[in-house]
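FYI, in numbering that gives the first Met the number 0 the residues of the sequence shown are 0 to 700.
C-beta atoms are modelled at their ideal positions from N, C-alpha and C, and glycine is treated no differently.
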Amino acid sequence: MTEQSQLFSAAAQTSPAQAAIKTKALRDQLQRWAHQYYVLDEPTVPDAEYDRVFRELQALEAEHPDLITSDSPTQRVIGAVMEGLTPVRHAVPMLSIHTETDTEATGAQAFDARVRRELGLSDADPAIEYVAEPKFDGLAMNLRYEKGRLVQAATRGDGEVGEDVTHNIRTIRQIPLTLPDGVPPLLEVRGEVYMRRADFDALNERQREQGGKTFVNPRNAAAGAVRQLDSNITLQRPLSFFAYGLGAITPAAEGGLVFRTHFELLQTLKSWGFPVAAQVQIATGATELVAYHQQVGASRDALPYDIDGVVYKVNSLQLQRDLGFKTREPRWAVAHKYPAQEMATKVEGIDVQVGRTGKITPVARLAPVFVGGVTVTNATLHNLFEIRKKGVRVGDTVIVRRAGDVIPEVVGVMPGNRVGYVPNFHMPKTCPVCGSDVVRVKGEANHRCTGGLFCAAQRKEAILHFAARRAMDIEGLGDKLVDQLVESNVIRTLPDLYRLGLSSLVALERMAEKSAQNVLSALEKSKQTTLARFLFGLGIRQVGESTAKDLAKHFGTLDALMGATQDTAATVEQLLEVPDVGPIVAQSVHTFFQQPHNREVVEQLRACGVTWSESARADKAPQVLAGKTIVLTGTLPTLSRDEAKDMLEAAGAKVSGSVSKKTSYVVAGEEAGSKLAKAEELGVPVLDEAGMLALLSGPGA
Ligand code: IVH
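Structure representation (structure tokens):
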């Protein structure tokens, strides 16, 4: 039994008195939701939920026609004029369109059959030509041009009277403000104002950073932007536009234009500078409509904007006139929906997930719900602040959104269904994967696991970072190999790398003995390193290559930095004495060496033979270039950029990326560009590689 027929049978069992009460309750509910949606721009339920209750009311009214009133939501197009915007009466009403809720192919077939019947065609007659278009998920707009100039933009409102939003629509770069010569003196172009997904994500990201209100979906964000009183706000919320039809137009007799088909009309609009979607296509007969529905449905996630279905329109304008209207809907067009991308469901629990960089993400465990074409049981809640802002608690009914290939997210809570007290969610104090402390850096929204090397969730990232060229420089230990090693559980912690034997490497897929040997010798070679490289390789948060160098230089030995025990490790105060180390870095280094797991990993690495000559500390090398700032540019004949940088830094120079008056030397190789020019302009001495080497060897440079 379909949902629809269930509703009908439920209605049939209702007594007139019960039906009257129920009808009123449903109408009040729909009215409230519609007000929140259209007037306040704050939807509280997903469209699918609204539609379900709307259909329930329709079914009840069909069963009890005496209960129908003219103000029932089923009897009019909903919408109200927001206070502050000027009402506009449309010259030609903006109609709604019949929606085929059957998301299967039969939706298109039913429409084609209806059109053929209305036109009195038999099976022997040829197929009808349609135009198939995406159904954009934004809001309808009427753009009025007089003598080729945009004079007014108005929302649909209730179809008869909309709102004047010209000031805001003028901020949309895709909408021409003037049209080429030869357009009819009066021309109303209709289409959809919407927000591209990327623009929506960026907007929400900005809102999140600034602690502002985030938007539920691109359509809601677009609607809010269009109906601002201050167009400066609209300007910050980038909108887009697609044209799909006409409103009023100068009659042909008075210098207007006559179009023969809808497709021709769209092509003309395009030639006048209006955006027309590339997906608009001619489709002949039901078979091609079905194919279009499937084809666009399959590429829906890849589109840069949201659509909630497709629209089929009879192409011939003469046939459109023949077909006419039924109440307020044209018989020549239909909207054929796709499965909803937002649905309501219940939060059964809130867990946390540890990402590969240690980020802890709260995740809602949901009662399974079919949304965006898949069954969803988990949705991200982003971070603790988002949970607090949205007010999500276990047991709540929430709106889940899954659009495109993105991870499903909880976008909001449906109000008023929480019974009794439910405690607020709290972040765990320790990592659920490795047990290390969980911290949040002041000013950051995310909580993180401090387990680093030790945490299984972060293992792959940690190993790749450790092996990187500027860290331990383990040649041949790349992405794919690390994946294999971690997934087959051969490597659990960094020290395991140095315990690798030939047999376990050769056992891996696509690993020949020769390559395995190479990896082993690269590992062996990497054991002889520097303290700075080792510290950088540990992947301590906030400790980049240059901080690692500063730490190595300042403390000289690892023991001075991490101490023999947790209690003797460098304090935050001691760390703050290191040049260029601020409170955030100091805290991060301190926390890292407080974790017993991390200390254990470091000890084991040393036990495996990782060593560095502490006497070869940078500050012990002859500092012939102390106080000099050097810029490297172009390709040097024998040294790589990294090698040159290491040599210069070992001699005490600071290697900088940009040339200024303070630059001591520019070392230029082949294909040096703007930096060389700048050096010449500022009179900074320029050296080649040989000159640089001479500088390094000669005292008193
Ligand atoms: S045609 C008489 N074409 O769907 C038909 N509407 O119409 C007038 N919509 O809110 C509408 N994409 O804004 C048409 N390609 C398209 C559309 C489209 C989206 C919206 C329109 C209106 C709703 C119902």
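Inset, instruction - Work out the CA separation of Val130 and Ile281 for me, nearest whole Å. - result: Locating residue 281 in the sequence shown gives position 282, counting from the first residue. Locating residue 130 in the sequence shown gives position 131, counting from the first residue. Roughly 4 Å between the two C-alpha positions.
Inset, instruction - Evaluate contact between the region 575 to 589 and the region 535 to 554, counting only Cβ atoms and requiring at least three cross-stretch pairs below 8 Å. - result: The region 575 to 589, when compared against the region 535 to 554, does touch it at the 8 Å Cβ threshold.
Legend entry - Rounded straight-line distance, which links the Cα of Val353 to that of Ile490: Within the sequence shown, residue 490 is the residue found at index 491, counting from 1. Within the sequence shown, residue 353 is the residue found at index 354, counting from 1. Straight across, the Cα-Cα distance linking Ile490 with Val353 is about 19 Å.
Inset, instruction - Return the bridge partner residues of Tyr129 from the DSSP annotation. - result: Taking the first residue of the sequence shown as position 1, residue 129 is located at position 130. BP columns for Tyr129 point to Ala282 and Val313.
Inset, instruction - Kindly indicate the opening and closing residues of the alpha helix (DSSP H) around Ala224. - result: By one-based count along the sequence shown, residue 224 stands at place 225. Taken as a continuous stretch (DSSP letters only), the alpha helix (DSSP H) holding Ala224 covers Pro217 to Val225.
Legend entry - Span of the beta strand (DSSP E) around Ile248: By 1-based counting over the sequence shown, the position of residue 248 is 249. Its beta strand (DSSP E) spans residues Ser239 to Ile248.
Legend entry - Cβ neighbours of Glu2 in the same chain (closer than 7 Å, five flanking residues each side left out): Residue 2 sits at position 3 when you count from the first residue of the sequence shown. At Glu2, the pLDDT of 37 sits below 50, so the modelled position is not reliable; the number obtained from the coordinates is stated separately. Here the set comprises nothing.
Inset, instruction - Provide the residue span of the alpha helix (DSSP H) that contains Ser71, from first to last. - result: In the sequence shown, counting from the first residue as 1, residue 71 sits at position 72. Careful: Ser71 lies outside any alpha helix (DSSP H) and carries neither H nor E.
Inset, instruction - Indicate whether Leu686 and Val666 have their beta-carbon atoms separated by less than 8 Å. - result: Taking the first residue of the sequence shown as position 1, residue 686 is located at position 687. Taking the first residue of the sequence shown as position 1, residue 666 is located at position 667. Closer than 8 Å, so yes.
Inset, instruction - With a threshold of 7 Å, establish whether the CB of Lys428 neighbours any heavy atom of the ligand IVH. - result: Taking the first residue of the sequence shown as 1, we reach residue 428 at position 429. Every heavy atom of the ligand IVH is 7 Å or more from the Cβ of Lys428, so no.
Inset, instruction - Just the C-alpha distance for Phe369 and Phe465, rounded to the nearest angstrom, thanks. - result: To locate residue 369, count along the sequence shown from 1; it is residue 370. To locate residue 465, count along the sequence shown from 1; it is residue 466. Taking the straight line from one Cα to the other gives about 42 Å.
Legend entry - Supposed close pair Ala139, Glu191 - CB separation, criterion 8 Å: One-based indexing of the sequence shown puts residue 139 at position 140. One-based indexing of the sequence shown puts residue 191 at position 192. Correct: roughly 6 Å between the Cβ atoms.
Inset, instruction - Return yes when the C-beta of Val164 is under 7 Å from any heavy atom of the ligand IVH, and no when it is not. - result: The sequence position of residue 164 within the sequence shown is 165, counting from 1. No, the ligand IVH has no heavy atom inside 7 Å of this Cβ.
Legend entry - 6 Å Cβ shell around Phe424 - same chain, five flanking residues per side excluded: On the sequence shown, residue 424 is found 425 positions in, with the first residue counted as 1. If we look at Phe424 and ignore the five residues flanking it on each side, its Cβ neighbours are Ile349 and Ile386.
Legend entry - C-beta contact flag for Val313 and Val114 at 8 Å: Taking the sequence shown and counting its residues from 1, one reaches residue 313 at position 314. Taking the sequence shown and counting its residues from 1, one reaches residue 114 at position 115. In this structure, Val313 lies near Val114, with their beta-carbon atoms less than 8 Å apart.
Legend entry - Ser614 in three-state terms, based on DSSP: By one-based count along the sequence shown, residue 614 stands at place 615. Low per-residue confidence applies at Ser614: pLDDT is 47, beneath 50, and the placement is therefore not dependable, though the value from the model is reported in the following sentence. Note: Ser614 maps to helix in three-state DSSP.
Inset, instruction - Could you tell me if Val420 is buried or exposed, where buried requires 16 or more neighbouring beta carbons within 10 angstroms of its beta carbon? - result: Mapped onto the sequence shown, residue 420 falls at position 421. Checking the sequence, you will find Tyr at residue 420 rather than Val. Tyr420 is classed as exposed because its beta carbon has fewer than 16 other beta carbons within 10 Å across all chains shown.
Inset, instruction - Going by DSSP, name the residue or residues bridged to Gly436. - result: Walking along the sequence shown from the start, residue 436 turns up at place 437. Sequence check: residue 436 is Asp here, not Gly. Thr429, per the DSSP bridge assignment.
Inset, instruction - Say yes only if the C-beta of Ala139 is nearer than 7 Å to one or more non-hydrogen atoms of the ligand IVH, and no if none qualify. - result: Stepping through the sequence shown from its first residue, residue 139 is reached at position 140. Under cutoff, so the answer is yes.
Inset, instruction - Starting from the Cα of Gln527, find the closest Cα among Ala563, Ala470 and Val505 and give me that residue. - result: Your numbering for residue 527 matches position 528 in the sequence shown. When only C-alpha atoms are compared, the closest one is Ala470.
Inset, instruction - Mark Gln209 as exposed unless 16 or more other C-beta atoms lie within 10 angstroms of its C-beta, in which case mark it buried. - result: Position 210 of the sequence shown, counted from the start, is the residue given in the question as residue 209. Exposed, by the Cβ-count rule.
Legend entry - Pro427 beta carbon less than 8 Å from that of Val362: Position 363 of the sequence shown holds residue 362. Position 428 of the sequence shown holds residue 427. The answer is no: Cβ separation not under 8 Å.
Inset, instruction - Work out the CA separation of Ala332 and Thr319 for me, nearest whole Å. - result: The residue you call residue 319 lines up with position 320 of the sequence shown. The residue you call residue 332 lines up with position 333 of the sequence shown. Here the sequence assigns Gln to residue 319, which means Thr is not the residue at that position. Our two residues, Gln319 and Ala332, have alpha carbons roughly 9 Å apart in a direct line.
Legend entry - Straight-line Cα distance separating Gly158 from Gln17: By 1-based counting over the sequence shown, the position of residue 17 is 18. By 1-based counting over the sequence shown, the position of residue 158 is 159. Across the structure, Gln17 and Gly158 are spaced so that their CA atoms are roughly 33 Å apart.
Inset, instruction - Kindly identify the DSSP beta-bridge partner or partners of Phe135. - result: Translated into positions along the sequence shown, residue 135 becomes position 136. Partner(s): Ile306.
Legend entry - Local Cβ density within 10 Å of Phe324, reported as buried at 16 or more and exposed below that: Residue 324 sits at position 325 when you count from the first residue of the sequence shown. With fewer than 16 other Cβ atoms within 10 Å, it is exposed.
Inset, instruction - Please determine if the region 199 to 219 and the region 267 to 278 are in contact, where contact requires at least 3 C-beta pairs separated by less than 8 Å. - result: Taking 8 Å as the limit for Cβ pairs, the verdict is that the region 267 to 278 does not touch the region 199 to 219.
Legend entry - Inter-stretch contact at 8 Å, needing at least 3 Cβ pairs: the region 446 to 453 / the region 495 to 513: No, because fewer than three Cβ pairs between the region 446 to 453 and the region 495 to 513 fall closer than 8 Å, the two stretches do not touch.
Legend entry - Residue from Ile248, Arg196, Leu245 and Ile168 with nearest C-alpha to Gln227: Within the sequence shown, numbered from 1, the residue matching residue 227 stands at position 228. The shortest Cα separation from Gln227 among Ile248, Arg196, Leu245 and Ile168 belongs to Ile168.
Legend entry - Whole-angstrom distance between Cys433 and Asp618, CA atom to CA atom: As a position in the sequence shown, residue 618 is number 619, starting the count at 1. As a position in the sequence shown, residue 433 is number 434, starting the count at 1. Here Asp618 scores only 46 on pLDDT, less than 50, and its place in the model is too uncertain to base an answer on.
Inset, instruction - Could you please give me the residues that DSSP links to Ala343 through a beta bridge? - result: Here residue 343 refers to the residue found at position 344 when the sequence shown is read from its first residue. Ile398, per the DSSP bridge assignment.
Legend entry - heavy atom of the ligand IVH below 7 Å from Ser95 C-beta: Numbered from its first residue, the sequence shown carries residue 95 at position 96. The answer is yes for Ser95.
Inset, instruction - Decide if Lys524 is buried, meaning its Cβ has at least 16 other Cβ atoms within 10 Å, or exposed. - result: In the sequence shown, the residue the question calls residue 524 occupies position 525. Only exposed fits Lys524, as fewer than 16 other CB atoms lie within 10 angstroms of its CB.
Legend entry - C-alpha gap between Glu544 and Phe535, whole angstroms: By one-based count along the sequence shown, residue 544 stands at place 545. By one-based count along the sequence shown, residue 535 stands at place 536. Going by the C-alpha atoms only, they are around 6 Å apart.
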